[in-house]
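>
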Amino acid sequence: MTSTQLLTDRLQTSRPRLKSLAYRMLGSAADAEDVLQDVWIRIRLFDLEKQEEVENAEGWLTTVVARTCMNKLRARKTRHEDAANPTVSDLLVSVTDNSSPEQDVQLAEEVGLALQVVLETLSPSERVAFVLHDLFDRSYSEIAALLDCSVDAARQLASRGRRRTRSGRRSSNDCDPVAERRIVDAFFAASQNGDLAELLKILHPDVVFRADGGVTRPAATAVIHGAREVANRAKTFAVAGAALQPVQVNGSTGVIVRVGKLPVAIMAFSISAGQISEIYCLLDTNHIPQLLPPT
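Encoded structure:
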């Protein structure tokens, strides 16, 4: 069997794992698919480039996927990324019947919105080192070879990523969808009633509110810290007559906010110990329609 045949076969059998790796590095199911397509093209060119035979197909594929993701992350950083106001590359919005592609929903739920937001704050090298070591059990020597750095430097990069992402991870034991939905409903009720005292009970003292205005509303992009500041902001999106559609956003409890028939926001909530610890609000009216689940 030629290397091209070996790699093609292994790409198919390892596709779920490789897509999972690319998704965790890039935070986008579409970008992850693009990476796998790039890898397939690399394989087709393998014989033409007269490269040496591959002995470890799985290792070769993992390295190529990781390197392709690394290049994409660096390109993003060069273009426009702002670590102070991280945005999520890809939101996967689903209703209770999981109308979004099953694997994409599973990937998003495994990562979780809070962790995905924090991952966006990492440098490309930190993100690659953390994902490869902590989530895919790759050795520091392999990571060092990929990043062209020493083993100690690779270890430090993964450690920095680990520290910064710790707040974004939560145990599945903490997740009760019914209880979380009640908390989110109570948040909107208190917002509509202007009940500051109730909002302060619902919001964690260190809650973070992230608004992503995107291209259409860049002035709305903001990060707000603290329960009182977020509670004051909550009053501003208590729109009279707004309809709230319950959804899951990357595995988190969320809503689609509509005024009339127009979707004006997608909101997702991270909840810890019975209080809202993080709110992500997408306000880009060009992007929102592309994310809506089928009706």
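In case it helps, UniProt numbering puts the sequence shown at residues 1 to 295. Just so it is clear, CB atoms sit at the ideal spot from N, CA and C, and this is done for glycine as well.
Is the stretch 69-78 in contact with the stretch 25-41, if contact means three or more CB pairs nearer than 8 Å?
The answer is yes - the stretch 25-41 touches the stretch 69-78, with three or more Cβ pairs under 8 Å.
> With 16 as the cutoff for other CB atoms within 10 Å, does Pro124 come out buried or exposed?
For the purposes of this step, residue 124 is taken as residue 124 along the sequence shown, with counting starting at 1. So Pro124 ends up on the buried side.
> What does the Cβ neighbour count give for His225, buried or exposed, with the cut at 16 atoms within 10 Å?
Taking the sequence shown and counting its residues from 1, one reaches residue 225 at position 225. Exposed: under 16 other Cβ atoms inside 10 Å.
> On the CB-based measure, 16 or more other CB atoms within 10 Å of its CB, does Asn250 come out buried or exposed?
In the sequence shown, the residue the question calls residue 250 occupies position 250. Classification for Asn250: buried.
> Check His225 in the structure and name its three-state DSSP category.
Walking along the sequence shown from the start, residue 225 turns up at place 225. Here His225 sits in strand by DSSP.
> Once DSSP output is grouped into helix, strand and coil, what is the label at Ala265?
As a first step, residue 265 is located in the sequence shown; it is residue number 265 there, counting from the start. Here Ala265 sits in strand by DSSP.
> Could you check whether Val208 and Val184 sit closer than 8 Å to each other, using their CB atoms as the reference points?
Residue mapping note: residue 184 aligns to position 184 of the sequence shown, counting from 1. Residue mapping note: residue 208 aligns to position 208 of the sequence shown, counting from 1. Contact flag unset, no.
> What is the rounded straight-line gap between the Cα of Asp284 and the Cα of Gln5?
Here the question's residue 284 lines up with position 284 in the sequence shown. Here the question's residue 5 lines up with position 5 in the sequence shown. One C-alpha to the other measures close to 44 Å.
> Look at Leu147 and Val131 and say whether their C-beta atoms are less than 8 Å apart.
Here residue 147 corresponds to residue number 147 of the sequence shown, with the count starting at 1. Here residue 131 corresponds to residue number 131 of the sequence shown, with the count starting at 1. No, these two residues do not count as a Cβ contact at 8 Å.
> Counting Cβ pairs, one atom from each stretch, are 3 or more of them under 8 Å apart for the stretch 269-286 and the stretch 250-259?
Counting Cβ pairs under 8 Å, three or more are found: they touch.
> What would DSSP say about Cys281, mapped onto helix, strand or coil?
Reading the sequence shown from its first residue, position 281 is the one you call residue 281. The answer is strand: DSSP assigns Cys281 an E or B state.
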